[in-house]
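One structure is given here, and the rest of the page talks about it.
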Amino acid sequence: DAGVIQSPRHEVTEMGQEVTLRCKPISGHNSLFWYRQTMMRGLELLIYFNNNVPIDDSGMPEDRFSAKMPNASFSTLKIQPSEPRDSAVYFCASSLGQMVIGPGNTIYFGEGSWLTVV
Amino acid sequence: GEDVEQSLFLSVREGDSSVINCTYTDSSSTYLYWYKQEPGAGLQLLTYIFSNMDMKQDQRLTVLLNKKDKHLSLRIADTQTGDSAIYFCAESIGAAGNKLTFGGGTRVLVKP
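Read top to bottom, the protein sequences are chains C and S.
Taking our numbering, the leading residue of the first sequence gets 38, the next gets one more, and so forth.
Taking our numbering, the leading residue of the second sequence gets 24, the next gets one more, and so forth.
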């Protein structure tokens with residue numbers, strides 16, 4: 038049973054470059070989340086989608102960040118241009134759906150994409 | 024508003040019990056969760072409790088919820104070295120029940 042799959046696992050890029058992080062949610066899950074984890078700020082929810090539609094993007098730091106979910110099995114988080122302060126672990130997670138509340142709606146996390154911007 | 028707070032660090036000897044504490048501010052929380060993050064890995068759900076429960080036990084894990092004080096704790100009995108990790112509590116709220124707010128995480132170090 039494949040979990041949430043993220044790529045790349047690790048990326049080192051130069052400031053100003055475009056970074057694209059990819060995520061494949063668990064099959065059948067209707068909600069997808071992008072989180073960012075840093076030592077200073079902990080886990081922050083950046084954006085979440087339900088049925089491929091962005092529901093809440095209030096956590097997206099600024100216009101340099103964008104996220105898309107063109108279909109139920111794929112999402113991207115793009116940073117353009119990247120800056121050193123974007124260095125973090127970016128987690129994608131998925132769950133069954135917005136209106137299912139409780140343990141059946143457990144959020145499953147991917148292994149994370151470790152981004153370093155130099 | 025949503026705010027979940029945890030202590031930063033806990034050190035415990037192997038075989039002892041660990042207690043990790045968490046406080047939250049939103050009284051409309053529906054479910055509260057404990058997640059575990061091992062080094063270099065994502066978060067894994069350990070256990071959860073519905074907001075109308077006081078206690079839940081799952082093998083070595085005991086979750087206690089004091090809704091009046093908005094206090095959640097996770098007790099790990101017979102702590103093992105494999106329990107060394109960061110533990111996050113999280114709350115989900117109302118109709119957006121699948122949107123979780125996480126605490127900052129408690130790093131647990133188990134010493135042999």
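For glycine and all other residues, C-beta sits at the position ideal for the given N, C-alpha and C.
Its Cα nearest to that of K134 (chain S), the residue S:D39 stands out among S:Q29, S:D39, S:G126. The Cβ-Cβ distance between G126 (chain S) and I109 (chain S) does not fall below 8 angstroms. Under the 8 angstroms criterion on CB atoms, Y85 (chain C) is classed as interfacial with respect to chain S.
Taking C-beta separations shorter than 7 angstroms and ignoring five residues to either side along the sequence, the partners of N89 (chain C) in its chain run M106, N108, A109, following chain order. Taking CB atoms only, G127 (chain S) has a neighbour in chain C less than 8 angstroms away.
Distance from the CA atom of V155 (chain C) to the CA atom of G65 (chain S), rounded to whole angstroms, is 24 angstroms. Spatial neighbours of T124 (chain S) in its own chain (CB-CB distance under 7 angstroms, excluding positions within 5 residues in sequence) are listed in chain order as E25, V27, A113, E114. Collapsing the DSSP output to three states places T143 (chain C) in coil. For F111 (chain S), the nearest beta carbon of chain C is closer than 8 angstroms to its own beta carbon. By the C-beta criterion, the region 44-55 of chain C is judged to be in contact with the region 108-126 of chain C, since at least 3 inter-stretch pairs fall below 8 angstroms.
T143 (chain C) belongs to the set of residues whose beta carbon lies under 8 angstroms from a beta carbon in chain S.
Within its own chain, the residues whose Cβ lies closer than 7 angstroms to the Cβ of T50 (chain C), once the five positions on either side in sequence are excluded, are V56, S119, V154, listed in chain order. Cβ-Cβ separation between A125 (chain C) and L152 (chain C): approximately 6 angstroms, consistent with a contact (criterion under 8 angstroms). Annotation: P121 (chain C) to M76 (chain S) spans about 44 angstroms, alpha carbon to alpha carbon.
Taking 8 angstroms as the cut-off, the Cβ atoms of T46 (chain S) and S74 (chain S) do not count as close. For A64 (chain S), the nearest CB of chain C lies under 8 angstroms from its own CB, placing it at the interface with that chain. L95 (chain S) and I84 (chain C) have their C-alpha atoms some 26 angstroms from each other. Annotated as distal: S132 (chain C) and P45 (chain C), with beta-carbon spacing of 8 angstroms or more.
Beta bridge pairing from DSSP links H47 (chain C) with C:W151. Separation of Y72 (chain C) and F128 (chain C) (C-alpha to C-alpha, rounded to the nearest whole angstrom) is 5 angstroms. Scanning C:L69, C:L80, C:Q43, C:E48 for the CA closest to the CA of R59 (chain C) turns up C:Q43. Contact note: D94 (chain C) does not reach chain S at a C-beta cutoff of 8 angstroms; the least C-beta distance is about 12 angstroms. By the Cβ neighbour-count rule, F70 (chain C) is buried, with 16 or more other Cβ atoms within 10 Å of its own.
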